[in-house]
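If you read the sequences in order, they're chains A and B. The first sequence runs 0 to 545 under numbering that gives the first Met the number 0. The second sequence runs 0 to 545 under numbering that gives the first Met the number 0. Note that beta-carbon positions come from the ideal geometry of N, C-alpha and C, so glycine has one too. Please read these numbers as outputs of a predicted model, since none were measured by experiment. This report concerns only the one structure given below.
There are 2 protein chains.
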Amino acid sequence: MTIEYDQLPTNAANFVALTPLSFLQRTADIYPQRESLIYNDRRYTWSQTRARCTRIASSIASRGLGKNDTVSVFAFNTPEMFEAHFAVPMSGAVLNTINTRLDALTVSYIIDHGEAKLFIVDRQLWPVLEAALETSTLQPEIIIIDDPDATEKPSLPTEREFSYYEDLVEQGDETFVWRQPEDEWQALSLNYTSGTTGRPKGVVYHHRGSYLMSMGTVVSWALPQHPRYLYTVPMFHCNGWGHAWTMTAVAGTIICMRAFAPKLLFDLVDEHKVTHFGGAPIILNMLANAPKSDQKTFGRTIQVMTAGAPPPSKVLESMTQFGFNIMHVYGLTESYGHILQSSAQESWKKESIETQAELKSRQGVRFAMTEAVEVVNPDTGKSVPADAETVGEIMIRGNTTMKGYLKDKEATQNAFRDGWFVSGDLAVIHPDGYIQIKDRAKDIIISGGENISSVEIEAILYKHLAVGEAAVVALADDKWGEVPCAFVELKVGCDATETELIAFCTNHMARFKRPKRVIFGDLPKTATGKIQKNILREAAKALPVS
Amino acid sequence: MTIEYDQLPTNAANFVALTPLSFLQRTADIYPQRESLIYNDRRYTWSQTRARCTRIASSIASRGLGKNDTVSVFAFNTPEMFEAHFAVPMSGAVLNTINTRLDALTVSYIIDHGEAKLFIVDRQLWPVLEAALETSTLQPEIIIIDDPDATEKPSLPTEREFSYYEDLVEQGDETFVWRQPEDEWQALSLNYTSGTTGRPKGVVYHHRGSYLMSMGTVVSWALPQHPRYLYTVPMFHCNGWGHAWTMTAVAGTIICMRAFAPKLLFDLVDEHKVTHFGGAPIILNMLANAPKSDQKTFGRTIQVMTAGAPPPSKVLESMTQFGFNIMHVYGLTESYGHILQSSAQESWKKESIETQAELKSRQGVRFAMTEAVEVVNPDTGKSVPADAETVGEIMIRGNTTMKGYLKDKEATQNAFRDGWFVSGDLAVIHPDGYIQIKDRAKDIIISGGENISSVEIEAILYKHLAVGEAAVVALADDKWGEVPCAFVELKVGCDATETELIAFCTNHMARFKRPKRVIFGDLPKTATGKIQKNILREAAKALPVS
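Shown next, in the form of structure tokens:
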């Protein structure tokens, strides 16, 4: 006789698809009058935020859109961008936020590849979108966010018909019944990453993952109820590290920041009693180097999550004067953002400030929702010893790992190996189990928190008639952390100057991606003809820091 | 063309079965040297706890046990009981903890119904188990927990062979590979509840539910990292409200309490800098009424979760002197414990202490992992208005709802209706959305935090030759909250005294379940012959409080 444990199937009462949409429902039920969003003079309560999101969701649904339809959002960190994180999936659709610094050609590619059915854009970004639509095959309906506080308000062509975001709110139906996913594996969002291959890849998130990302972040960052969170991290990056959903789960108040400036951050932290914020190390660097007259101290501790690159010890130290307690985390777009954290140990307290900063700059140990992270020898497939010396590749397993890359079977297959997601980042493990990245995925340059694919830049350089061979690597930069540096071998009998090639790149890619230096000469190669980027990286180190 | 969002299936890297077992793996990896458990002079680190649990799991597995095999544990809140919450499911088996106050016949029923393959018992409870084994069909292998700190150490029969818990540890294999569930719907534990029908029902928990219970508890109780948790709640109640797993998720330190006593609690809170504990209102009541010389104050706030009955305002008020901040919660065995909480609102601060206590005594609003709770008119199936007056039945939906009742299709079917779990508790909703129970499931008496089924007592009474009809209801009691009170109609020509019937019950059930009063007379009935318990409840109210 077999006992009947397996004869109790799931039903609608005991198995509900995990989705971050539940957080808004619950928080608006319990704290309807608490402030949800603050943006300059605009303030909303959770009751209002739910009503607005429901109305927008109904407006999207009324256009015939729903499950597996892509709605793109090309916008800054304003309330509309926050609302989109609920409103779009509440209609059943997939939220595709787009990096505001991208160039028209890439945006055009994303529109077609992601099959955008609706495109919500901040008016300031209209010129980029207009250019993108010139080359895109698809011509989605355009919804304009017309932010009165925008500094740039380009005029809109009169011959075109636009809908406005606030019209979607007004025309929407507040009694619309949300389309909660029936399957938690359903696509929630689509995030394009530059990846390592030059062409943007569409990383697909599932509802289950984002729900668990939020829960695990609360556990491992020890978030209290009602944090006051300043949204400095662009929401187009891994859905703003998932914090739009996480802060809703803990009924926080979100303070929006359309554009980052050190003085504004200090003022907002002060005025709105901010308790938490996040940002790439470059943000911290800018805060540390801001004019004294712009800086403020607060007489209290503010929790700060930083990611993108290890924060330099000097920066970590300087943050303490403001009461900023830095938690360094590590993750990728493919892992929904942070999955490792430099959790402080009791024993660190007796170390010097310098040693503590060094310990904190390691990528660390896994978050609560991360099932497993190992550093593996790519040749043997075995874990490297925890000796702080043997380098291996970071492998990730857990429920905050993407579904895969949209319409790219090959890349998806390559990303998963033997039950692991292959990060492409190289690291060591310290004897205490903390992971430290030694050499990041060789083709990626992280500049001001933005991933730049060297392969993408190389592809452009190759289009220049004089370029024979090109290789781009990272060059250390005081301000940006890293900037691209190009090594170029000219075709025989051809000529080009550094200025000329930089200008050529600027014309063909987002400005922030252009190489800041171009070095001419023969490129070192392996016996099989592969360019030895490790040697070029060494050569770049010898260049004067800009 | 359909976009390919649905063509990215799950794989081993991005979909891992949710299980609370992951918490131990992670915490032992990251905080191997932090203290996990404290019990009198015994102390363990997380590294040691993982090693011990792994060894016990391997010993269980080496007996040929695994998935869907039941391992029963009949024990107090000692480290072994905590370890069983990991070790048993790590072997793949199902953890069945049994109420230490149960009588031999009920234990015998549970052994047979739950099909126990292995039975771990605290030596003090051996006499109950020995009697149970006399009537049970199954004769599982017995493992003795021989706690040196037990106050009662009955001798064990020499003619029987016993294994000892520490032998399982010693003989176990520390390199044993845990059997993580492949399916998060797999049975994790089996908790018998007296329910409303007299016979214990086996509530089956799934791995998914307990994982989410822990995550949601951290979010909604705002648990910090490394709480110091005093385990006063018996772990046989809803797996100790899930806190064995929850406290592991946040790398807490668990202080074990074999038997509750007010002085001991004050001493332990002081000595071990306890930050959190839980207990039924009767526990709080005993603390409030303890001799002044036993009481202590701490000059800090200690978070206390209470459940089982609304804590009286007077008790809530008196707790403030000790710095105990009480969070009142509500739940059932079927919902893994707490699913509603009396979350304090900002606006309550301006209310009087009395009003605040009243507000806090409501069952409240849902926890983060609870998807929906409604109060429904059982006749119409519609939600009652939030007017604080209209009574309806509490209906629950969410991932911390049981799989069902083991081997009881009918009860399982009755428990689920129209996509809801039917709680059987009657309540109102206040205009602010807070739920308050007005009349609990009519057949249940809650005495000292224990559920007692009136139907079970009635069934015993009916076995007495003189009893014609019997009905048992709750009688208010200063110490226990409620005690059973029996109304009996004697058979014509028969006679029996109150003392005689109470003695008869005591011989046939756990002592705590016996009626404290027996009232003789005709029983009020409806036109269709159903006994009107509501009238008896009113009659019980008129009795002098004991």
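Cβ atoms of residue 185(B) and residue 66(B) come within 8 Å of each other, at about 7 Å. 7 Å or more divides the Cβ of residue 329(B) from the Cβ of residue 241(B).
Taking CB atoms only, residue 221(B) has a neighbour in chain A less than 7 Å away. Residue pairing from DSSP places residue 483(B) in a beta bridge opposite 473(B).
Sequence-distant Cβ neighbours of residue 199(A) in its own chain, meaning closer than 8 Å and more than five residues away, are 105, 108, 109, 112, 191, 192, 193. Residue contact with chain B for residue 105(A): absent (no Cβ-Cβ distance below 7 Å to any residue of chain B). DSSP places residue 183(B) outside both helix and strand once states are collapsed to three, so it counts as coil. Rounded to whole angstroms, the gap between the alpha carbons of residue 286(B) and residue 323(B) is 11 Å. Taking a beta-carbon distance threshold of 7 Å, residue 420(B) counts as an interface residue toward chain A.
For residue 370(B), the C-beta contacts it makes with chain A under 7 Å involve 15, 21, in order along the chain. By the beta-carbon neighbour count (other beta carbons within 10 angstroms, threshold 16), residue 55(A) is buried. The region 115-122 of chain A makes contact with the region 58-74 of chain A; the number of CB pairs closer than 8 Å reaches 3 or more.
A direct Cα-Cα distance of roughly 41 Å separates residue 159(B) from residue 16(B). Apart from sequence neighbours up to five positions away, the residues of its chain that approach residue 521(A) with a beta-carbon distance below 8 Å are 488, ordered along the chain. Within chain B, 4 have C-beta atoms less than 7 Å from the C-beta of residue 186(A), given in sequence order. In this structure residue 343(A) is not in contact with residue 248(B), their Cβ atoms being roughly 18 Å apart against a cut-off of 8 Å.
For the 7 Å CB-CB criterion, residue 12(A) and residue 396(B) form a contact. Secondary structure at residue 173(A): coil, using DSSP grouped into helix, strand and coil. The beta-carbon separation of residue 410(B) and residue 421(B), rounded to 11 Å, does not stay under the 8 Å limit for a contact. Listed along the chain, the chain B residues whose CB falls inside 7 Å of the CB of residue 386(A) amount to none; the nearest CB is some 17 Å away.
Distances from the CA of residue 313(A) to each of 332(A), 288(A), 333(A), 294(A) were compared; the closest alpha carbon is that of 288(A). Per the Cβ contact rule, the region 221-238 of chain A is in contact with the region 96-103 of chain A (3 or more Cβ pairs under 8 Å).
Contact between residue 77(B) and residue 146(B) holds: CB atoms are separated by about 6 Å, below the 8 Å threshold. With at least 16 other beta carbons inside 10 angstroms of its own, residue 452(A) counts as buried. At a cut-off of 7 Å, the C-beta of residue 85(B) has no neighbouring C-beta in chain A. In the displayed model, residue 534(B) falls within a helix according to three-state DSSP. For the pair residue 495(A) and residue 465(A), the CB atoms are nearer than the 7 Å cut-off.
In the same chain as residue 256(B), and ignoring 5 residues on each side of it, the C-beta atoms closer than 8 Å to its own belong to 76, 229, 230, 231, 263, 264, 267, in chain order.
Contact check for residue 51(B) and residue 82(B): beta-carbon distance about 6 Å, within the 8 Å limit, so the pair qualifies. A Cβ-Cβ distance of about 4 Å is found for the pair residue 243(B) and residue 84(B), placing them in contact under the 8 Å criterion. Annotated three-state conformation of residue 435(B) is strand, per DSSP. Going by C-alpha positions, residue 187(A) is about 15 Å away from residue 116(A). Within the region 95-126 of chain B, the residues whose Cβ lies closer than 7 Å to any Cβ of chain A are, in chain order, 114.
Within the same chain, 132 come within 7 Å of residue 138(A) by CB-CB distance, once the 5 residues on both sides are set aside. For residue 134(A), no Cβ of chain B is located within less than 7 Å of the residue's own Cβ.
Take residue 316(A), set aside five residues on each side of it, and the residues of its chain with a beta-carbon closer than 7 Å to its own are 352, 356, in chain order.
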